[in-house]
Structure formats: structure tokens, C-alpha cells
Amino acid sequence: MELVVVRQSISVALAGLIVLNSPASSLVQAEPSSTLSAAGDLSLFTDPVGAGVYVDGVFAGRTPVTLRGVPAGDHRVRIVKDGYLENARVVSVDAGQPTRLQVRLTRDARAATAPFGQVQVAVTKEDSPSSLRWVLLALAGGGVGGYLYATKLKGNKAPVAGSVAVSPTSGLVGSTSISFSAAAASDPDGDSLTFDWNFGDQQHGTGASPTHVYNSTGTFTVMLTVSDGKDTASATGTVVIQSLTGTWKGPLVSNTTTYNTTLMLTQTGAAVTGTYSDHLLNSGTVSGSVTPGSSPVSLSVTVGSFDPFTFTGSPAANADALTGTANGVALTATWTLTRQ
Numbered sequence: 405m406e407l408v409v410v411r412q413s414i415s416v417a418l419a420g421l422i423v424l425n426s427p428a429s430s431l432v433q434a435e436p437s438s439t440l441s442a443a444g445d446l447s448l449f450t451d452p453v454g455a456g457v458y459v460d461g462v463f464a465g466r467t468p469v470t471l472r473g474v475p476a477g478d479h480r481v482r483i484v485k486d487g488y489l490e491n492a493r494v495v496s497v498d499a500g501q502p503t504r505l506q507v508r509l510t511r512d513a514r515a516a517t518a519p520f521g522q523v524q525v526a527v528t529k530e531d532s533p534s535s536l537r538w539v540l541l542a543l544a545g546g547g548v549g550g551y552l553y554a555t556k557l558k559g560n561k562a563p564v565a566g567s568v569a570v571s572p573t574s575g576l577v578g579s580t581s582i583s584f585s586a587a588a589a590s591d592p593d594g595d596s597l598t599f600d601w602n603f604g605d606q607q608h609g610t611g612a613s614p615t616h617v618y619n620s621t622g623t624f625t626v627m628l629t630v631s632d633g634k635d636t637a638s639a640t641g642t643v644v645i646q647s648l649t650g651t652w653k654g655p656l657v658s659n660t661t662t663y664n665t666t667l668m669l670t671q672t673g674a675a676v677t678g679t680y681s682d683h684l685l686n687s688g689t690v691s692g693s694v695t696p697g698s699s700p701v702s703l704s705v706t707v708g709s710f711d712p713f714t715f716t717g718s719p720a721a722n723a724d725a726l727t728g729t730a731n732g733v734a735l736t737a738t739w740t741l742t743r744q
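Sequence positions in the sequence shown follow the working numbering and run 405 to 744.
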């Protein structure tokens, strides 16, 4: 907080000093005006509420209160509440115009170590990045004498989301763990940041570097929202998720034979089914599953009267290729399949 404006001596604490005509709009010096036959409205608000209001010595109610038909001109307003310093001032009411007075009351500590009370009125402009806060220091109990200060509060600067890092940018449904990073995010004021992630599949995450496994296929827009507790900033990224459904071809290479194979696969959730065929006219069935992990694709293949064998493999980053090992009775082979 930077202290600005000059120290200004005042003769009567809180009397005829401040009229706030709209919420946080301007600070107005009350000027004497002649009494007019017309009238206006006077609205009074306090923090805390429930303060007693006296206008020209007559009790007018408790805050918040709006007084209708107040004669135009200057009026002595006194605000009192148990446990708080009394607040008195002269308020000018204009004919046919509403006048709004808002006062923050100060607790009456009456302690030798704290002989001063404070009344604070925030003065801001909507188009200004900063605000002024006027502070009146007066003798405890509302005695005469005191000083008026203004302090300038610097406005908050919004955080910067930067770009969203995604790795890999595509993967296999129910299998590939996608990593996200908000490492490019920053805050000009040095404030600590929080991170909220919308993965685009109705799932959410937090933290600067979450991971996520997608359980449905499609192209997903990932949104990052960065907050410093006062303002937010956003950035987006894209992830493409595929399944094993489709036609796959590639060589099954053992120590003695190379089979040019074709798989017709269907993936439903984590389950995989399909058919097998090769250039030697062998045919069979395929069943298996997809799970997260280092070798997420596990298939069991049965071909005619041969002993069944299993395939364990991993998809490429774009989920358009599978590479792994086939194992069975008297069979150990590498198998590389490419999506057609």
C-alpha cells in the first residue's frame, strides 16, 4: 500500500465532511445550501447495519433506511450504535434528487494503546485500475481534532494462462494416459495460482500437471482455467482419441515363418473382439481387452485346430499402429499391425 495525498487538519471530527452519493463513485465535500420548499429522498447505510439515525435531533429509524420527503437543504445527521464511535455530519439534500450516505462505523476500543478511531470511505472509479481510500483519524469518542489521509491501493493484474501442453496429442480409448501441463502460466503480481482443467469429456482435474485416460472416442477440447483468487485466464488444447475398431494388417514373424495377417477388430468399451486371417488361408477368432499400462492391448487368437496364442502389445502415439509379441505352444513371434 502506498501512502499518497497530503495530511489535512480538520476542526470537527466527521462533521460536514463526506457525502457519498453513489456506491464507490466519488468523495464530496458537503456545502451549505439554502433551505428550499421542495424535498428529496435521503438513504442511509452503515457497516455494520442497525445503527440509530437522528436527523436534526429527531430519531428517524435504523440503518438501512430511506427517508422520503426530506426538505431540501442542510441537515444535521447523527449515527449511533453501541460499541462504535458516534458519527455526526451535515448532509445536503437537493430538491427532487436522491441522496445516498454510506458510513463504515469504527469500534470504540477506548484503550490507552489505541486512542484513535477510524472511519474509512472507499473512493473508486469503475474505469480506474486503482482506488483511493480516505481515512479519518479522530479522538476516541468522536472528539474534535484529527487528520485526513488518502492511501492508493494498486489494482490486481490478471494471471496469464499461456499455452496448454498436451502429450501425446492422440491416443487409444481406455488405454493411453494423456499428460497436460500449465507450465506456461504466470502471474504479473507474483500471486499463487490454482488450476482447473475441463478435459472435454465431462471430467475435470486440478493441479499444474494432471493426467487423464479417456473412456470415449472423439476429438476433445481441453480447457485450462488459471486463477489468482481475484481474476482468471483460460487456454485450450486438443486431444484425439481412437479405438481399435477397424482393419489391421501386418507380419507375424516367427523363427521359421512369416505370416501376412489381417485382423478385423471391434472395440466396445474395454472389450475387443474380431477375426483373424493370413495369406496361408488360415482363419480364426480374436478376443481380448484394453487397459491402461505399458502394454495395454491383450488379445487371445484361436486359429483353426492350432493351439491358441496370445498377443500383448502397445499402440503407437497416434493409435494407428500396434507392436508386440505373440506367444503360444512352440510359438514366439513379433507382430506389427497397422491400421488400414
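A virtual CB, placed ideally from N, CA and C, is assigned to each residue, including glycine. It should be emphasised that the depicted structure is a prediction, and the values quoted were computed from it without experimental measurement.
Exercise. Measure from the alpha carbon of GLY633 to the alpha carbon of each residue in GLY654, THR651, PHE599 and SER620, then state which is nearest.
Key: Ranking the options by Cα distance to GLY633, first place goes to PHE599.
Practice prompt. Flag this pair as yes or no: are the beta carbons of GLN671 and ALA723 separated by less than 8 Å?
Written response: ALA723 is positioned such that its CB atom lies no closer than 8 Å to that of GLN671.
task: Check whether the segment 572–580 touches the segment 636–650, counting contact only when three or more Cβ pairs, one atom from each stretch, lie closer than 8 Å.
output: At 8 Å Cβ cutoff, the stretches touch.
The segment 585–599 touching the segment 621–633, judged by at least three CB pairs closer than 8 Å: A contact exists between the segment 585–599 and the segment 621–633.
Discussion item. Taking only three categories from DSSP, how would you classify GLN754?
Written reply: Summary: the structure shown does not reach residue 754, with the chain confined to residues 405 through 744, and so no result is reported for it.
Worksheet item: Is it true that the CB of TRP739 sits closer than 8 Å to the CB of GLY708?
Response: Taking 8 Å as the Cβ cut-off, GLY708 and TRP739 do not qualify as a contacting pair.
- Message: Does LEU489 come out as helix, strand or coil in the three-state DSSP assignment?
- Response: It is coil, neither helix nor strand.
_Closest by C-alpha distance to ALA499, when choosing among GLY465, LEU446 and THR621_ = Closest by alpha carbon: LEU446.
* To do: Below 8 Å on the Cβ atoms is my guess for GLY728 versus VAL705; work out the distance and round it to an integer in Å.
  => Cβ-Cβ separation between GLY728 and VAL705: approximately 12 Å, too far for a contact (criterion under 8 Å).
_Beta-carbon proximity of VAL495 to VAL481, cut-off 8 Å_ = It is a contact, given that the beta carbons lie within the stated cut-off.
Which ranges does the beta strand (DSSP E) cover as unbroken runs of at least 3 residues, wholly within the segment 622–685, from first to last along the chain?
Listed in chain order, the complete beta strand (DSSP E) runs (minimum 3 residues) inside the segment 622–685 are 622–631, 636–646, 650–657, 662–672 and 675–682.
For this session: Note down, in chain order, each residue of its chain lying with its Cβ closer than 7 Å to the Cβ of PRO614, except the 5 sequence neighbours on either side.
Result: Exclusion of the five residues before and after PRO614 leaves PHE584 and TRP601 as the residues of its chain whose Cβ lies within less than 7 Å of its Cβ.
Would you check if the distance between the CB atom of GLY444 and the CB atom of ALA464 is smaller than 8 Å?
Result no, Cβ atoms of GLY444 and ALA464 do not sit closer than 8 Å.
Report the three-state DSSP secondary structure of ASN731 (helix, strand or coil). DSSP places ASN731 in strand when its eight states are reduced to three.
> For the beta strand (DSSP E) that SER567 lies in, which residues bound it at each end?
Replying inline: Counting along the chain, SER567 falls outside any beta strand (DSSP E), and DSSP gives it neither H nor E.
> Leaving out five residues before and five after ALA737 in sequence, what residues of the same chain have Cβ atoms less than 6 Å from its Cβ?
Replying inline: Residues of the same chain with a CB within less than 6 Å of the CB of ALA737, apart from the 5 flanking positions on each side, are LEU656, VAL657, SER658 and ALA730 in chain order.
Among ASP460, ALA637, GLY456 and LEU448, whose alpha-carbon lies nearest the alpha-carbon of LEU505? Closest in C-alpha terms to LEU505, from the list ASP460, ALA637, GLY456 and LEU448, comes LEU448.
Exercise for review: List the endpoints of the continuous beta strand (DSSP E) containing THR610.
Suggested key: Note, THR610: beta strand (DSSP E), 608–610.
Checklist entry - Taking all protein chains shown into account, do 16 or more other C-beta atoms lie within 10 angstroms of the C-beta of PRO452, making it buried, or fewer, making it exposed? => result Around the Cβ of PRO452, a 10 Å sphere holds fewer than 16 other Cβ atoms; the residue is exposed.
**Asked** Any chance the CB of THR689 is under 7 Å from a heavy atom of the ligand SAM?
**Response** Ligands in the displayed structure: none, and consequently the ligand SAM is not present.
Which first and last residues belong to the beta strand (DSSP E) in which SER447 is found? Annotation: the continuous beta strand (DSSP E) that includes SER447 extends over 443–451.
Query raised in the report: Based on the DSSP secondary-structure assignment, which residues constitute the bridge partners of ALA725?
Result: Beta-bridge partners of ALA725 (DSSP): THR742.
Self-check item: Where ASP591 falls, given that 16 or more other Cβ within 10 Å makes a residue buried
Solution: By the neighbour-count rule (16 or more Cβ atoms within 10 Å), ASP591 is buried.
Exercise. Would you report the Cα separation of LYS653 and THR742, rounded to the nearest angstrom?
Worked result: Spanning the two alpha carbons is a distance of roughly 5 Å.
Check your understanding: Going by DSSP, what residues sit across from ARG508 in a beta bridge?
Key -> Partner(s): ASP451.
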